[in-house]
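Number of protein chains: 2
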Amino acid sequence: MTTISVGMLGCGTVGSGVLTLLNRGDNQISESLGVHFNIKKIAVKHPDKKRGLNITKDLSFTGEIENVINDPSIQIVIEVMGTLDQAYKAIQQAITNGKSVITANKELIALKGPQLTKLAHDYHVDLYYEASVAGGIPILRVLNESLITDQITGLTGIVNGTSNFVLSAMKTDHSSYEESLKQAQSLGYAEANPIKDIEGIDAAYKLSILSQLAFGHSINLKQLKRKGIEGVTSNDINGAEVLGLTIKPAVIARQKDHELFTLVGPVAVYKQNPLANVNGVENSVLVTSTALGTTSYSGPGAGSEPTANSVMSDLLAVTKHILLEQIGTSFNKTTDDIGESSLMNLPLTYFLTLNSFTGDEAKISPENYEFLKQVVKVNHAYFCVTKLLTKEQKNELTSALANGVTEVHFYPILK
Amino acid sequence: MTTISVGMLGCGTVGSGVLTLLNRGDNQISESLGVHFNIKKIAVKHPDKKRGLNITKDLSFTGEIENVINDPSIQIVIEVMGTLDQAYKAIQQAITNGKSVITANKELIALKGPQLTKLAHDYHVDLYYEASVAGGIPILRVLNESLITDQITGLTGIVNGTSNFVLSAMKTDHSSYEESLKQAQSLGYAEANPIKDIEGIDAAYKLSILSQLAFGHSINLKQLKRKGIEGVTSNDINGAEVLGLTIKPAVIARQKDHELFTLVGPVAVYKQNPLANVNGVENSVLVTSTALGTTSYSGPGAGSEPTANSVMSDLLAVTKHILLEQIGTSFNKTTDDIGESSLMNLPLTYFLTLNSFTGDEAKISPENYEFLKQVVKVNHAYFCVTKLLTKEQKNELTSALANGVTEVHFYPILK
Chain A
1 MTTISVGMLG CGTVGSGVLT LLNRGDNQIS ESLGVHFNIK KIAVKHPDKK RGLNITKDLS
61 FTGEIENVIN DPSIQIVIEV MGTLDQAYKA IQQAITNGKS VITANKELIA LKGPQLTKLA
121 HDYHVDLYYE ASVAGGIPIL RVLNESLITD QITGLTGIVN GTSNFVLSAM KTDHSSYEES
181 LKQAQSLGYA EANPIKDIEG IDAAYKLSIL SQLAFGHSIN LKQLKRKGIE GVTSNDINGA
241 EVLGLTIKPA VIARQKDHEL FTLVGPVAVY KQNPLANVNG VENSVLVTST ALGTTSYSGP
301 GAGSEPTANS VMSDLLAVTK HILLEQIGTS FNKTTDDIGE SSLMNLPLTY FLTLNSFTGD
361 EAKISPENYE FLKQVVKVNH AYFCVTKLLT KEQKNELTSA LANGVTEVHF YPILK
Chain B
1 MTTISVGMLG CGTVGSGVLT LLNRGDNQIS ESLGVHFNIK KIAVKHPDKK RGLNITKDLS
61 FTGEIENVIN DPSIQIVIEV MGTLDQAYKA IQQAITNGKS VITANKELIA LKGPQLTKLA
121 HDYHVDLYYE ASVAGGIPIL RVLNESLITD QITGLTGIVN GTSNFVLSAM KTDHSSYEES
181 LKQAQSLGYA EANPIKDIEG IDAAYKLSIL SQLAFGHSIN LKQLKRKGIE GVTSNDINGA
241 EVLGLTIKPA VIARQKDHEL FTLVGPVAVY KQNPLANVNG VENSVLVTST ALGTTSYSGP
301 GAGSEPTANS VMSDLLAVTK HILLEQIGTS FNKTTDDIGE SSLMNLPLTY FLTLNSFTGD
361 EAKISPENYE FLKQVVKVNH AYFCVTKLLT KEQKNELTSA LANGVTEVHF YPILK
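The listed protein sequences derive, respectively, from chains A and B. At position 60 of the first sequence (counting the first as 1) the number is 60 in UniProt numbering, and the numbers step up by one without a gap. At position 131 of the second sequence (counting the first as 1) the number is 131 in UniProt numbering, and the numbers step up by one without a gap.
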């Protein structure tokens with residue numbers, strides 16, 4: 001029996017989940033891998049705090065991160081404390097100390113993934129982060145391993161459970177955006193300050209991580225145009241339903257030649273698209289590739305055990321590498337010879353709504369109405385433009401429709 | 001650069017796909033793994049036949065399987081010829097000759113999986129068969145690797161593209177079973193003799209393979225009660241639609257204590273279940289586990305490139321093991337201390353249809369009609385029993401409804 005010494009940074013929801021799963025799976029892991037994990041030290045802010053962990057083993061808590069990352073006996077560091085700067089420093093140090101690292105920190109990987117990947121490569125250690133995207137779905141492993149001989153051309157996903165819960169509730173319960181958000185908060189699906197979720201920041205992080213693995217390209221988050229869900233009205237939701245569409249918070253990346261076209265924001269999805277039926281806090285990612293066509297992966301996007309299970313998968317992957325003396329085969333390397341552009345620069349079809357529309361068609365100029373009748377399904381205040389519109393045509397149409405007196409919302413359509 | 005010598009048995013649809021992908025991915029594989037694959041020999045029935053392969057390399061065909069499996073320089077054998085007895089013998093011989101084996105042969109793995117796994121284990125070689133279930137979806141790898149620390153409790157899937165295409169077409173085009181099957185045949189989705197697909201034999205093989213990995217249990221296919229789709233009528237399809245249900249060809253396995261409850265046959269699926277939207281030849285598997293809850297995996301179930309891509313994934317997995325001198329870590333071992341029973345032995349809810357029903361309620365005895373009104377939605381000839389019925393109650397109800405003059409079809413309901 002080989003003993004692998006593990007250190008942990010943080011012991012919140014995910015950390016406790018990891019300890020629970022390690023405790024529960026101890027015998028099975030020993031049997032199948034011949035390995036026993038020794039959780040040597042756990043760095044937390046308050047080491048003396050009483051924790052309600054249902055663990056049979058003694059655990060050693062410390063207030064100092066350095067006690068974990070500088071302990072020469074620790075081979076693997078699990079980072080689940082979830083800050084940016086502090087985690088970045090700690091992980092850099094752990095890697096240069098020769099330790100493999102597993103992290104669930106999406107912000108960190110989205111922003112510093114390529115740098116950390118390079119560092120891990122230079123120091124011949126592993127860096128895994130399956131838990132950073134879509135908690136319970138092994139999507140990174142699938143992108144990294146099973147699709148290695150295939151060429152990925154596009155990704156479309158629902159990767160933010162909070163946003164998806166809010167829009168799902170608005171549709172199912174016919175409630176307002178504010179009511180649905182409150183419900184999400186009371187159920188623990190949204191934080192008190194939900195800005196990262198509803199403004200698409202969290203989703204953008206995840207798109208960047210997915211893109212690192214799928215296209216070898218880390219998205220420039222500063223330049224990325226993203227849209228949150230806070231502008232989605234009940235009128236939009238209901239109008240979409242009338243036309244057989246569902247509004248969903250999406251992330252999209254499509255590669256065309258050497259350009260990656262991206263979108264983070266709400267889209268209108270046709271019923272037959274699998275994403276239309278991904279509801280509540282569920283996550284789903286559709287992958288389009290040359291050999292396979294479209295495959296889809298769905299499951300819980302967050303939660304203590306699903307996320308912890310992804311950390312455990314990483315832990316076992318790293319452990320196998322240690323046993324094989326083959327450390328240093330982390331997730332794909334990234335290469336950055338690819339341009340970036342908004343998906344909205346491509347011709348798209350759109351679902352448009354006129355908010356505060358009174359039903360008075362005179363607000364739309366006759367020419368535009370004639371145009372609309374030719375290319376769209378018109379249903380009172382809802383318009384479904386089923387012909388591809390260039391960015392310019394779309395802008396022209398929306399300003400003509402608004403005509404100074406109404407607000408036009410537009411959603412790219414996913415078939 | 002390491003050269004790995006590969007032999008292939010068979011060169012039909014899947015085999016040609018493998019050669020195409022190997023040819024296309026050659027540079028990327030060399031770059032990322034430092035490996036070059038040498039396809040040394042391909043055993044086929046007619047080695048002199050002209051093949052329209054768009055491959056730059058010279059290929060060496062042979063009429064003798066022995067020339068491949070007994071060639072000492074060949075390290076990996078890919079079996080894509082798809083027979084049972086001949087493939088079993090050839091693979092056994094290849095394994096005892098110390099070669100790792102990749103197969104797409106579902107019949108073989110369903111029936112002889114545990115024996116071959118044991119043999120591969122004894123001879124310290126790899127045995128992989130990702131392509132045998134759900135062509136393009138890496139479901140076996142997911143079951144085997146990512147869920148290792150998790151406990152799988154249930155599997156529900158649509159794993160036969162032909163059956164799913166036929167039932168989808170019956171619903172969408174309002175065509176008969178016969179018309180839909182003919183359409184499937186003309187599109188190449190069903191064979192001239194489609195018995196293995198429509199009678200659920202192919203689906204049962206796949207359930208057995210999934211079950212070997214998910215529960216460590218190979219299903220006794222001789223005792224398994226399965227139902228095909230040939231009895232599904234337009235009346236059933238339409239009636240289901242009226243009640244918000246879709247009839248789908250399913251495989252189900254649920255573990256309860258030490259018993260595995262299985263079903264292979266058509267079921268009625270509620271709209272909100274992800275399987276309701278899996279249409280045409282697409283495959284999908286829902287996995288229920290302790291840590292994750294339900295995750296789902298969907299994609300093309302067949303086709304040259306998707307299936308070949310799964311073979312390629314296996315080839316790279318085996319190659320990594322060869323590079324690491326760590327051959328012998330094939331998919332999970334199977335253990336057989338688990339009982340088997342039909343899912344129909346558990347209380348279930350049912351969708352019932354009365355075929356050749358004339359609308360004359362008098363055919364149902366008054367007592368039964370009273371009973372029905374209490375537990376079901378009655379809609380002419382369609383009944384949705386939303387209360388759990390034991391097997392006995394279900395039998396009693398169906399024979400009472402039939403009353404000697406009509407045919408009752410019943411479908412377990414999936415929520």
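From the three backbone atoms N, C-alpha and C, an ideal C-beta is built for every residue, glycine too. From a predicted model like this one, the values you see are computed outputs, not experimental measurements.
Spatially closest choice to residue i from the options, by CA coordinates
i                      : options                    : result
residue 414 of chain A : A:385, A:394, A:96         : A:385
residue 237 of chain B : B:180, B:75, B:320, B:7    : B:180
residue 112 of chain A : A:31, A:212, A:36, A:150   : A:212
residue 188 of chain A : A:141, A:352, A:166, A:399 : A:166
residue 305 of chain A : B:290, B:14, B:194, B:315  : B:290
residue 313 of chain B : A:349, A:155, A:183, A:143 : A:143
residue 55 of chain B  : B:23, B:396, B:63, B:210   : B:23
residue 52 of chain A  : A:32, A:11, A:91           : A:11
residue 64 of chain A  : A:106, A:57, A:46, A:120   : A:46
residue 303 of chain B : B:196, B:397, B:190        : B:190
residue 58 of chain B  : B:196, B:38, B:223         : B:38
residue 174 of chain A : A:292, A:239, A:28         : A:239
Supposed contact pair residue j and residue i - C-beta distance, whole angstroms, cut 8 Å
i                      : j                      : result
residue 163 of chain A : residue 249 of chain A : 4 Å
residue 18 of chain B  : residue 311 of chain B : 5 Å
residue 354 of chain A : residue 381 of chain A : 4 Å
residue 352 of chain B : residue 295 of chain B : With 8 Å as the limit, residue 352 of chain B and residue 295 of chain B do not qualify as a contact, their Cβ atoms being about 31 Å apart.
6 Å Cβ shell around residue i - same chain, five flanking residues per side excluded
i                      : result
residue 134 of chain B : 159, 283, 301
residue 280 of chain B : 165, 168
residue 110 of chain B : 205, 208, 209
residue 361 of chain B : Residue placement at residue 361 of chain B is poorly supported in this model, since its pLDDT is 47, which falls under 50; the coordinates are not used for a value here.
residue 308 of chain A : 14, 17, 18, 21
residue 93 of chain A  : 69
residue 36 of chain B  : 1, 3, 30
Chain-order list of residues whose beta-carbon lies under 8 Å from that of residue i (same chain, five-residue window excluded)
i                      : result
residue 74 of chain A  : 5, 6, 7, 40, 41, 68, 99
residue 172 of chain B : 279
residue 221 of chain A : 110, 111, 204, 205, 208
residue 33 of chain B  : 316, 319, 320, 323
Test item: CB-CB of residue i and residue j under 8 Å
i                      : j                      : result
residue 80 of chain A  : residue 61 of chain A  : no
residue 259 of chain A : residue 208 of chain A : no
residue 214 of chain B : residue 247 of chain B : no
residue 200 of chain A : residue 244 of chain A : no
residue 155 of chain B : residue 276 of chain B : no
residue 285 of chain B : residue 270 of chain B : no
residue 345 of chain B : residue 387 of chain B : no
residue 95 of chain A  : residue 318 of chain A : no
residue 131 of chain B : residue 108 of chain B : no
residue 288 of chain B : residue 117 of chain B : no
residue 105 of chain B : residue 82 of chain B  : yes
residue 149 of chain B : residue 25 of chain A  : yes
residue 343 of chain A : residue 266 of chain A : no
residue 264 of chain A : residue 177 of chain A : no
7 Å CB neighbourhood of residue i in its chain, flanking five on each side removed
i                      : result
residue 219 of chain A : 207, 208, 211, 262, 340
residue 90 of chain B  : 9, 65, 69, 79
residue 322 of chain A : 4, 75
residue 394 of chain A : 350, 410
Exercise. Any residues in the segment 287-302 of chain A with a beta carbon nearer than 9 Å to a beta carbon of chain B? Which ones, in chain order?
Worked result: 287, 289, 290, 291, 292, 293, 294, 295, 296, 297, 298, 299, 300
Exercise. Relative to chain A, which residues along the segment 121-151 of chain B have a C-beta separation below 9 Å, given in chain order?
Worked result: 130, 135, 136, 137, 138, 141, 142, 145, 146, 147, 148, 149, 150, 151
Exercise. Looking at chain B, which residues of the segment 39-56 of chain A have a Cβ within less than 9 Å of any of its Cβ atoms?
Worked result: none
Exercise. What residues in the segment 1-22 of chain B have a beta carbon less than 7 Å from any beta carbon of chain A?
Worked result: 21
Exercise. When Cβ atoms are compared, which residues of the segment 229-256 of chain A fall closer than 9 Å to chain B?
Worked result: none
Problem set entry | Residues from the segment 196-212 of chain B in contact with chain A, defined by Cβ distance under 7 Å | none
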